[in-house]
Amino acid sequence: MSRVQLAIIGGGLVGASLALALQETARQRGWRIALIEPFAPGSDYQPSYDARSTALSYGSRLIYERLGVWQAIAQRAEAIQQIHVSDRGRFGATRLLAMEEGVPALGYVVENAWIGHCLWQALDAEVVQWHCPAEVASLQRLDDGYRLNLSDERQLDCDLAVLADGGRSGLREQLGIGVSHRPYGQSAVIANVTPLEAHRGQAFERFTDEGPMALLPLEGNRCALVWTRASADAERLLKLGDAAFLAELQQAFGYRLGALQQVGVRHLYPLALSEASEQVRPHLVVLGNAAHSLHPIAGQGYNLSLRDTLALAEVLQDGSAPLGDFATLQRYLQRQQLDQQLTVGFSDRVTRLFSNAQPLLTAGRNLGLLGLDLLPPAKRWFARQAMGMGTRSL
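Okay, here's the thing in structure tokens:
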């Protein structure tokens, strides 16, 4: 039987970011951190045309600068210089420009595997102990923490357990933490595509009567596509040949980047808004997609999770109480509550507004897009939401 102060269940981007944020504090205070992950991270980064990517807001860049890994991440980060928001077949449109906001970029698109590689390389094995490949089969509540029963029959005790094991967390369910789950009746087709013309750092949010789509700039003049459709239609798109798929995408997106030349492997994700009914208990925190999972069209999900992660690390660093102290964990949740409510609400409202073909709503959102260009304060608010800087300065 071994004991650590902090056990992070899930060594993906959220879990690894938390370990890195607390690494120096752990070194100073003699904490031991366990990072438990079923899939061993590769020691080498392998580029792939089909790699999944994440849109990091400018606020997330500032967080990773504080954690000392932005310089490494930036080597393969494609800057978003402008975001073009439009409603297909209507005149409403607006552009958000990094130059107008006084920042080098509104955000950055980075392959998940590269972010993970940079985080894992920055972790100190003397402070952060990898248990990998390993899975937590069950959690057992103790008076002073939790006992983690691993699938290989080992046991690990901790003062504070952090569930960062994703939106389908079986441990969350096992602990009786409820989840509100509101399906959108939509699925997202995710793929990388290559246009004929250079994307020049442009990101596109395009709203259609069938559902919204986003095209985000990637390295190598690729674009990351998130195409939302009714679930049955998304399944149909998934099964099309490459040429037929590109033809439909071209018709929906238009020729802003010229003819679309290539599409990679397509993936399908059913979409819903999910929120855990509890994010903290004594000696327990639920973090990342296990806490809240958002529609991807507004690009807010991971950035919110990263802000949660930094806030949790800061509260744990500032507190004099033992790790796992319930009052400390409640203070973290109170600190993040407004950010979570505003971000989840913003994402949900944008999704519902722009996925509805009713004429009155269509006219309203069209005027809304025009209004953003005509009202600089409204446009700046929208831009700050997009940059992940709506509720706090980092």
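Heads up, the sequence shown is in full-length UniProt numbering, so the first residue is 1 and it goes up one at a time.
Backbone N, C-alpha and C define an ideal beta-carbon position, used for all residues, glycine too.
C-alpha gap between residue i and residue j, whole angstroms
{"i": "L139", "j": "P38", "result": "16 Å"}
{"i": "R27", "j": "L310", "result": "18 Å"}
{"i": "Y269", "j": "L225", "result": "13 Å"}
{"i": "R52", "j": "V265", "result": "10 Å"}
{"i": "D143", "j": "G324", "result": "11 Å"}
{"i": "L67", "j": "A77", "result": "17 Å"}
{"i": "R349", "j": "G30", "result": "45 Å"}
{"i": "S347", "j": "E153", "result": "41 Å"}
{"i": "V189", "j": "A252", "result": "14 Å"}
{"i": "S86", "j": "F207", "result": "6 Å"}
{"i": "N356", "j": "L196", "result": "Confidence at N356 is low in this model, with a pLDDT of 48, below 50, so its placement is unreliable and no value can be given for it."}
{"i": "L316", "j": "R141", "result": "20 Å"}
{"i": "A244", "j": "Y255", "result": "16 Å"}
{"i": "Q334", "j": "N192", "result": "38 Å"}
{"i": "A290", "j": "P212", "result": "25 Å"}
{"i": "L56", "j": "L342", "result": "18 Å"}
{"i": "M99", "j": "S169", "result": "41 Å"}
{"i": "G319", "j": "Q46", "result": "40 Å"}
{"i": "P104", "j": "S2", "result": "47 Å"}
{"i": "Q75", "j": "N112", "result": "13 Å"}
{"i": "L22", "j": "C132", "result": "20 Å"}
{"i": "A272", "j": "L171", "result": "20 Å"}
Selection from the options that minimises the alpha carbon distance to residue i
{"i": "E24", "options": "G178, V226, D124, I177", "result": "D124"}
{"i": "W114", "options": "T54, L216, E248, P212", "result": "T54"}
{"i": "Y49", "options": "A40, A137, E219", "result": "E219"}
{"i": "V280", "options": "G11, R32, L163", "result": "L163"}
{"i": "I73", "options": "L22, D339, L13, M99", "result": "L13"}
{"i": "E126", "options": "S347, I33, L342", "result": "I33"}
{"i": "E210", "options": "C132, L312, D233, Q261", "result": "D233"}
{"i": "I80", "options": "A291, E101, S320", "result": "E101"}
{"i": "G258", "options": "A276, R200, A161", "result": "R200"}
{"i": "Y184", "options": "H295, L148, P47", "result": "H295"}
{"i": "A198", "options": "E111, S180, P217, L106", "result": "P217"}
{"i": "Y58", "options": "R95, Y108, P212, Q71", "result": "Y108"}
{"i": "F204", "options": "Q155, R95, N192, L316", "result": "R95"}
{"i": "R229", "options": "S187, S277, G254", "result": "S187"}
{"i": "Y302", "options": "Q82, V110, S2, P47", "result": "V110"}
{"i": "A40", "options": "M99, L106, G116", "result": "G116"}
{"i": "Q336", "options": "L271, L119, A313", "result": "A313"}
{"i": "H84", "options": "G345, L215, L338", "result": "L215"}
{"i": "R182", "options": "A16, V344, S2", "result": "V344"}
{"i": "Q250", "options": "L271, L106, W227", "result": "W227"}
{"i": "G15", "options": "L148, C223, V128, Q340", "result": "V128"}
{"i": "L106", "options": "L171, L119, Q300", "result": "Q300"}
{"i": "residue 405", "options": "L119, L338, P47, N112", "result": "No statement about residue 405 is possible, as the shown extent of the chain runs from 1 to 394 and does not include it."}
Whole-angstrom C-beta distance between residue j and residue i, which should lie under 8 Å
{"i": "L18", "j": "L287", "result": "7 Å"}
{"i": "H283", "j": "D159", "result": "7 Å"}
{"i": "G166", "j": "G10", "result": "7 Å"}
Beta-carbon contacts of residue i that lie in its chain and below 6 Å, excluding the five residues immediately before and after
{"i": "W130", "result": "L35"}
{"i": "V4", "result": "R32, A34, C158"}
{"i": "S293", "result": "G167, S274"}
{"i": "G368", "result": "Below a pLDDT of 50, predicted positions are generally treated as unreliable, and G368, at 43, falls in that range; the measurement from the model is reported next regardless. Cβ neighbours of G368 beyond the five flanking positions: none."}
{"i": "A161", "result": "A7, Y146, L284"}
{"i": "L246", "result": "L260, V263"}
{"i": "Q82", "result": "R95, L97, Q202"}
{"i": "A122", "result": "L20, V69"}
{"i": "A321", "result": "T328"}
{"i": "F326", "result": "P282"}
Own chain, CB closer than 8 Å to residue i, minus 5 neighbours either side, in chain order
{"i": "S151", "result": "A134, E135, V136, A137"}
{"i": "E248", "result": "L237, L240"}
{"i": "S277", "result": "I177, G178, V179, S180"}
{"i": "E235", "result": "S187, L268"}
{"i": "N221", "result": "T194, P195, A198, H199"}
{"i": "C223", "result": "N192, V193, T194, P195, H199, L215, L216, P217, L257"}
{"i": "N149", "result": "V136, A137, S138, L139, Q140, Q155"}
Other residues of its chain near residue i: CB distance less than 7 Å, five sequence neighbours each side excluded
{"i": "Q330", "result": "V280"}
{"i": "S231", "result": "G185, Q186, S187, P270"}
{"i": "Q340", "result": "H292, L304"}
Min CB distance residue i to chain D below 7 Å
{"i": "L268", "result": "Absent from the structure is chain D; it holds one protein chain and no more."}
Q) Is it true that the region 50 to 70 meets the region 298 to 307, where meeting means three or more beta-carbon pairs spaced less than 8 Å apart? A) Yes: at least three Cβ pairs fall under 8 Å.
Q: Decide yes or no for the touch test of the region 235 to 247 against the region 164 to 182: beta carbon pairs closer than 8 Å, at least 3 of them.
A: No: fewer than three Cβ pairs fall under 8 Å.
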